[in-house]
Amino acid sequence: MDLHAVQGSQNGNDHSGARDGYIEWGDSYIPNTVSVIDFFARRYGDNPSLGGVELMNEPSGVNLDSLKNYYKQAYDAVRRYSQSAYVIMSNPLDHDSKVLLSFVQHFNNVVIDVHYYNLYSDYFNSQNTQQNIDFIRNQRASDLSGVSSTNALSFVGEWTSAWSVQGASKEDYQNYAQAQLDVYSRATFGWAYWSYKCQYDQ
Numbered sequence: 747m748d749l750h751a752v753q754g755s756q757n758g759n760d761h762s763g764a765r766d767g768y769i770e771w772g773d774s775y776i777p778n779t780v781s782v783i784d785f786f787a788r789r790y791g792d793n794p795s796l797g798g799v800e801l802m803n804e805p806s807g808v809n810l811d812s813l814k815n816y817y818k819q820a821y822d823a824v825r826r827y828s829q830s831a832y833v834i835m836s837n838p839l840d841h842d843s844k845v846l847l848s849f850v851q852h853f854n855n856v857v858i859d860v861h862y863y864n865l866y867s868d869y870f871n872s873q874n875t876q877q878n879i880d881f882i883r884n885q886r887a888s889d890l891s892g893v894s895s896t897n898a899l900s901f902v903g904e905w906t907s908a909w910s911v912q913g914a915s916k917e918d919y920q921n922y923a924q925a926q927l928d929v930y931s932r933a934t935f936g937w938a939y940w941s942y943k944c945q946y947d948q
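Everything in the sequence shown is counted per this note's numbering, starting at 747 for the first residue and increasing by one.
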C-alpha cells in the first residue's frame, strides 16, 4: 500500500495531488499524514495479504528533518497494528540515495525505496545508447549497492525502459532494459516497473 499523494503535496508534481506546482507539506501537515497511515494500518494491519506500507511517495523539496520526524511517527503508527508488515520509506529525490541509511538503523522490517529514471533528467539528453547503459551498470549499480549495505532492504520501486535517446532501435531498448534488469535485480526487496502502459509507444 502506497500513500502516493499527501495533503499539501510532497513534491509539487501532479501525481502528488498538486495543481499549482507548490510544495506545502511540512511540520503542520505531519499529524494529518500520520493519521492517514494510522487509518490504513488499523484497517489492514492484521490482513495476511498486507505486505507493506509505503509512507510517502517521492518526497522532494521538503525539509529533511520534518520528513524523518514524519517517518518515525508513521512507522510507529504501522507498528501499533502490525509487527510483520514492511514499512517502506521513499528516499527523497533531491538527496543522495544513502540519505536515510543511518536513520533507518533503529527500525525493524524497513525498506528504502529508490526510483531510477534516465528519462526525466536533462543530464541524459545528450547521451547515446551506450552512455545510458554504462551509467546504469556503473553509477546506478554503485548507488544501489550503497543502499543495500544497510540493515534495511532496498527496493527499486520505479524504473522504466523509456529514455531520451532519439532514433533508438528495438535492440537498443532491449539492451537498455536488460542492463537495468541486471542491476536492479540486486535490490534485496526487488523492483517494480513503471509502467506497463504509458504514453510511450515502445
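The beta carbon of each residue, even a glycine, is placed where N, CA and C say it ideally should be.
Let me check understanding here. Comparing Cα to Cα, which of the options lies closest to residue i?
| i | options | result |
| --- | --- | --- |
| V893 | F881, D760, Q912, T934 | T934 |
| W771 | K844, P805, D784, W940 | P805 |
| W909 | G903, S872, A887, H852 | S872 |
| R825 | R883, A938, V856 | V856 |
| N778 | A823, M747, A764 | A823 |
Is residue i helix, strand or coil when you go by DSSP?
| i | result |
| --- | --- |
| V845 | coil |
| D840 | coil |
| P805 | coil |
| N778 | helix |
| I769 | coil |
| N815 | helix |
| D784 | helix |
Report the partner residues of residue i according to the DSSP bridge assignment.
| i | result |
| --- | --- |
| G798 | Y832 |
| W937 | V902 |
| D748 | E800 |
What do you get for residue i, buried or exposed, if any count of 16 or more other CB atoms within 10 angstroms of its CB means buried?
| i | result |
| --- | --- |
| H861 | buried |
| P838 | buried |
| E800 | buried |
| G754 | buried |
| Y768 | exposed |
| G797 | exposed |
| N809 | exposed |
**Study point:** Within the region 851-911, ranges of the beta strand (DSSP E) (whole runs, at least 3 residues)
**Key:** If we require 3 residues or more, the beta strand (DSSP E) runs fully inside the region 851-911 come out as 856-862, 899-905.
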